[in-house]
């Protein structure tokens, strides 16, 4: 009796195994007639709600699902929901946008009210958006509302009628069009937000779309799937039939999947970039991203001394890192504004080369350190904690810096990897000593890099405080003459670099590879980062 | 005939009369050595372990490179190139010296964790087993409950809360490592304390502490050693696992775990960067396991796992 | 005669009831202890993670407040937390906005469970077969080679096995998909990576237990009666292997669990292990706590079932043995 029970048990276990094993066999292969693009995302988008998106992936997907007044595509700012150029008042303070006739995915028209609601929601303190500052800086009344002092009605965004949006600005901002092409200035439907409350935009069925694509599947941490939005005003520009975006956090796995044909594009880093380049399969694009090290004089008092800060700058062997370790042909930086940003007519960096110091000078660094220590009356530097965002090339760069400072300055550096969440927290608390800071501009103008370093800006993480700098920035913000503006900003940059609270390390270059037959797929220096929305694909039979 | 009074059975007042018996009889020890010599795998493991330990201690002195110095002109050199016996890593650091320095960290963690587990486990287990009854019941219930909590999850939680580093890893492993040891020791003590020589010692006036330390523990040393050879590889394993999920030691320090997880990333282009630490880790764990098997066969043929 | 039997059975029932009650008691205390440990571990972090000074988005702070009652004293917070867990509510993720930990677990756990069960089945089935084969060919080449595989299996960390499998069988020879989890073929490499260690521990154990059986007198008797080898395997060896397998089920599940943390990361499987590791790296405390509790309760429950099962199969059970977790 007992034996039979046991044998039954064994049989049961095996049968169960077979069932478990087989029920997954049903996945059918995709039909070849469809144009399906496959590109990976490095992580799950944390928030597709336009007001809450503040990371690359959410913003990138936001550009597919929604459309603001203008969008960045293939190197220029093109029309989105806006019809033609805005009407700007004489003093530059009032901007009037006219909207195209277009519909949401559920058939309702896109109106100026949707923009008014969406923008006000962005700066509503109840929303708690991390990106609110992108609007509070520029739009009249937005800062007051955000800080709880003003009212919603006083925010300078108003729908004059269904097709006309009026925006009043704090000051004359000639580059306002570029600012609002950033992925948080989107229309949002009030009825949908109210209907779903907290779960708005957490599922494909809990949102409506006015962008070129609709989200059809969002399997958390597995895959996102997009199909063309039939109601999109420029439906003809959307060539693909479907886009599948598996979420692959491990970068090597992405390359592996690219090689086996499971992905149409992969980023390339390190050794992969070198090898792909040798075979002529790598593409490189100037990235908006720049790597710098922030020095906080409050967290590490010796940084109050200018010579010590400068010593930490000159002790970094940038070229060795780029040439022998990094793998990508990044540009060693002696300035803060990225080569991807436009100046008067040509790239800003071509017009203002900005070689503010020699790339690497260990002897001078040692000298400056000794001088600085003497000025402070110190024998030796205390231990310095260097924080860096975990993942990608940051850890290896952190180890590189640690050794550079040990070898060239005799400084003891402790490395602390931090999470993205912790990084956001540091923005608020400003509790750190030194921090590796990869950042990029939000839009194509040097002001986007420089403006955060004025006194009391929420993202001024080193508490940089230089009246001359602040003055140059406020002048640059209101000057209409573009040449004059660029000159003012070049001067401001020079001040910022000379004070050396921010050590420029390098301006990044992205490496990537794309499968043959894929066209109109770009990596962009800023949002949307991966511009696949109007891509196309030749169908090959394999 | 003289009457036997109650006083006749009092323990001796003069403790000096009482002499320690040696823990293990001589013939028994000789027998063990003979048995061990017959177990070729155990001998081989012991030899391999000795070589690894010697290299871990002395290895870094054999080469003119240290484990943290970066040489940007010579990154990712293959083994044997330019005097780098095991090549260099992506920052141009000598893998040979990193391997043995990393071994120091991994083995240090493993040995300290083992010692901690041993000390706590022996004290706890022998107290429970020796006093028996209610004390034993309560103490062992506590162990049962702690054993039922998944140890590794608690380890990870601790590492998330405290700052990662050698000390934290040791604390985390130490907290859960002693439980099995305590159970084994307790079981053995329960058996041994009924033996005649314990009674004899008691009659001769030895107090509880002395009986536990001098009579019971030496006689249960076999299972303890076997359990130790199991804790060491699991600690090495655990350290490697933690390094892989990003909770290992901090650079420029290295451990076998961090070397192997760095190796995984470089595997595609420089497989030696994975194979070298991988082989050494596996060889070490393998040897400890085989040694443990061998010792178990020799010391306690009844113990079955 | 019949009265005696009845009494005896009654006594047996009584023992069983007491045994089960005792086990339930221990399981409940364990779960309570686990909850308490996780709660206080999170709260000893100075100033983190839910301190009021930190400027969290109001919605997140609201959710945290609702869940923990952060403005209340610690004891109230603790009781509230216990209450929430009793209701099965594990709170909100800090990273994935608007998602609860329950959501994440219910979505991610099935993947981990499938991976775990598959590895368990493959590991045990192969372990059983190889273990018996090794024992039947004791001290022959087959025995040695099987044992070498077994010892290697427990000596190589599974992230190395996983990485090697992915590179050689996935990338280099393109025999299996490199990553993801979209059908049976995708599950093969992760299952091997995870199953190897199970197989290795099983082989060693089954071999010992089989040798034990083979040395018994009734085997000789069976041989003498002319029962062939297959008959002996099916009638005597297999049934005797069930007991040791069930005994190790608890520790094995713990091994699988930690294995999934690694394997899911390598093969981009959206299971709970990957969320856990991600949560550890992002300091998403509610996810880390929630997952720890979930897995803890799962394991305690499983151990409870194993104990009960054991009681039915082997009434000689030593009431002091409880299967525990081994690292």
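Residue numbers (this note's numbering), protein chains in the order written: chain E, 296 to 837; chain Z, 6 to 310; chain U, 200 to 526.
Where a beta carbon is used, it is the ideal one built from N, C-alpha and C, also for glycine.
All of these numbers come straight from a predicted model, not from anything done at the bench.
Beta-carbon proximity check, residue i vs residue j, cutoff 8 Å
{"i": "residue 268 (chain Z)", "j": "residue 253 (chain Z)", "result": "no"}
{"i": "residue 250 (chain Z)", "j": "residue 300 (chain U)", "result": "no"}
{"i": "residue 197 (chain Z)", "j": "residue 216 (chain Z)", "result": "no"}
{"i": "residue 660 (chain E)", "j": "residue 704 (chain E)", "result": "yes"}
{"i": "residue 418 (chain E)", "j": "residue 440 (chain E)", "result": "yes"}
{"i": "residue 566 (chain E)", "j": "residue 274 (chain Z)", "result": "yes"}
C-alpha gap between residue i and residue j, whole angstroms
{"i": "residue 313 (chain U)", "j": "residue 321 (chain U)", "result": "12 Å"}
{"i": "residue 804 (chain E)", "j": "residue 340 (chain E)", "result": "24 Å"}
{"i": "residue 77 (chain Z)", "j": "residue 104 (chain Z)", "result": "19 Å"}
{"i": "residue 237 (chain Z)", "j": "residue 343 (chain U)", "result": "25 Å"}
{"i": "residue 488 (chain E)", "j": "residue 271 (chain Z)", "result": "47 Å"}
{"i": "residue 58 (chain Z)", "j": "residue 494 (chain E)", "result": "58 Å"}
{"i": "residue 468 (chain U)", "j": "residue 414 (chain U)", "result": "45 Å"}
{"i": "residue 161 (chain Z)", "j": "residue 458 (chain U)", "result": "14 Å"}
{"i": "residue 424 (chain E)", "j": "residue 346 (chain E)", "result": "6 Å"}
{"i": "residue 807 (chain E)", "j": "residue 579 (chain E)", "result": "6 Å"}
{"i": "residue 926 (chain E)", "j": "residue 432 (chain E)", "result": "Given a span of 296 to 837 for chain E in the structure shown, any question on residue 926 (chain E) remains unanswerable."}
{"i": "residue 253 (chain U)", "j": "residue 489 (chain U)", "result": "Note that residue 253 (chain U) scores a pLDDT of 42, beneath 50, so its modelled location is shaky; the value from the coordinates is reported in the next line. Rounded to whole angstroms, residue 253 (chain U) to residue 489 (chain U) spans 22 Å at the Cα level."}
{"i": "residue 389 (chain U)", "j": "residue 463 (chain U)", "result": "8 Å"}
{"i": "residue 723 (chain E)", "j": "residue 783 (chain E)", "result": "29 Å"}
{"i": "residue 232 (chain Z)", "j": "residue 348 (chain E)", "result": "53 Å"}
{"i": "residue 276 (chain Z)", "j": "residue 753 (chain E)", "result": "46 Å"}
{"i": "residue 245 (chain U)", "j": "residue 273 (chain U)", "result": "Note that residue 245 (chain U) has pLDDT 48, beneath the 50 cutoff, so the model's placement of it is unreliable and the number below is only indicative. Answer to the nearest angstrom: the Cα atoms are 14 Å apart."}
{"i": "residue 400 (chain E)", "j": "residue 568 (chain E)", "result": "40 Å"}
{"i": "residue 292 (chain Z)", "j": "residue 451 (chain U)", "result": "22 Å"}
{"i": "residue 316 (chain E)", "j": "residue 472 (chain U)", "result": "Legend: pLDDT at residue 316 (chain E) = 42, less than 50; position of this residue unreliable, no value from coordinates given."}
{"i": "residue 202 (chain U)", "j": "residue 445 (chain U)", "result": "With a pLDDT of only 48 at residue 202 (chain U), under 50, the local geometry of the prediction cannot be trusted, and no value is derived from it."}
{"i": "residue 506 (chain U)", "j": "residue 146 (chain Z)", "result": "15 Å"}
{"i": "residue 159 (chain Z)", "j": "residue 124 (chain Z)", "result": "21 Å"}
{"i": "residue 395 (chain U)", "j": "residue 353 (chain U)", "result": "8 Å"}
Buried/exposed call for residue i, threshold 16 Cβ in 10 Å
{"i": "residue 391 (chain E)", "result": "exposed"}
{"i": "residue 216 (chain U)", "result": "exposed"}
{"i": "residue 491 (chain U)", "result": "buried"}
{"i": "residue 27 (chain Z)", "result": "Note that residue 27 (chain Z) scores 47 on pLDDT, short of 50, meaning its location in the model is unreliable; the coordinates nonetheless yield the value given after this. Label assigned to residue 27 (chain Z): exposed."}
{"i": "residue 323 (chain E)", "result": "Because residue 323 (chain E) carries a pLDDT of 42, less than 50, the predicted location of this residue cannot be relied on, and the following value inherits that uncertainty. Exposed, by the Cβ-count rule."}
{"i": "residue 185 (chain Z)", "result": "buried"}
{"i": "residue 278 (chain Z)", "result": "buried"}
{"i": "residue 502 (chain E)", "result": "buried"}
{"i": "residue 411 (chain E)", "result": "buried"}
{"i": "residue 394 (chain E)", "result": "buried"}
{"i": "residue 50 (chain Z)", "result": "buried"}
{"i": "residue 67 (chain Z)", "result": "exposed"}
{"i": "residue 198 (chain U)", "result": "One cannot answer for residue 198 (chain U) here, as it falls past the ends of chain U, which runs 200 to 526."}
{"i": "residue 442 (chain E)", "result": "exposed"}
{"i": "residue 309 (chain U)", "result": "exposed"}
{"i": "residue 714 (chain E)", "result": "buried"}
{"i": "residue 231 (chain U)", "result": "exposed"}
- Touching or not, the region 632–644 of chain E and the region 684–693 of chain E, by the rule of three or more beta carbon pairs under 8 Å? Taking one beta carbon from each stretch, the region 632–644 of chain E and the region 684–693 of chain E have fewer than 3 pairs nearer than 8 Å; the two do not touch.
- According to a CB-to-CB cut-off of less than 8 Å, which residues of the region 545–572 of chain E neighbour chain U? Across the region 545–572 of chain E, CB contacts with chain U closer than 8 Å involve 545, 548, 551, 552, 554, 555, 557, in sequence order along the chain.
- Cβ pair count under 8 Å reaching 3, the region 128–136 of chain Z against the region 187–205 of chain Z: Flag = yes, the region 128–136 of chain Z and the region 187–205 of chain Z touch.
- Looking at chain E, which residues of the region 236–269 of chain Z have a Cβ within less than 7 Å of any of its Cβ atoms? Here the close residues are 251, 255, 256, 257.
- Task: Would you check if there are 3 or more beta carbon pairs closer than 8 Å linking the region 365–383 of chain E to the region 444–456 of chain E?
- Result: Below 8 Å, too few C-beta pairs join the region 365–383 of chain E and the region 444–456 of chain E to call them touching: fewer than three.
- Query: What are the residues of the region 272–287 of chain Z that lie near chain U, defined by any Cβ-Cβ distance shorter than 8 Å?
  - Reply: Within the region 272–287 of chain Z, the qualifying residues are 272, 273, 279, 283, 286, 287.
- Item | chain U contacts made by the region 45–78 of chain Z, where a contact means CB separation under 9 Å | Within the region 45–78 of chain Z, no residue has a Cβ that lies closer than 9 Å to any Cβ of chain U.
- Cβ-based contacts, 9 Å cut-off: residues of the region 509–521 of chain E near chain U: From the region 509–521 of chain E, only 514, 515, 516, 517, 518 have a Cβ closer than 9 Å to chain U.
- Touching or not, the region 731–742 of chain E and the region 460–474 of chain E, by the rule of three or more beta carbon pairs under 8 Å? Cβ pair count under 8 Å is three or more, so yes.
- Query: Name the residues in the region 96–120 of chain Z whose C-beta lies less than 9 Å from a C-beta of chain E; which are they?
  - Reply: Within the region 96–120 of chain Z, the qualifying residues are 96, 97, 98.
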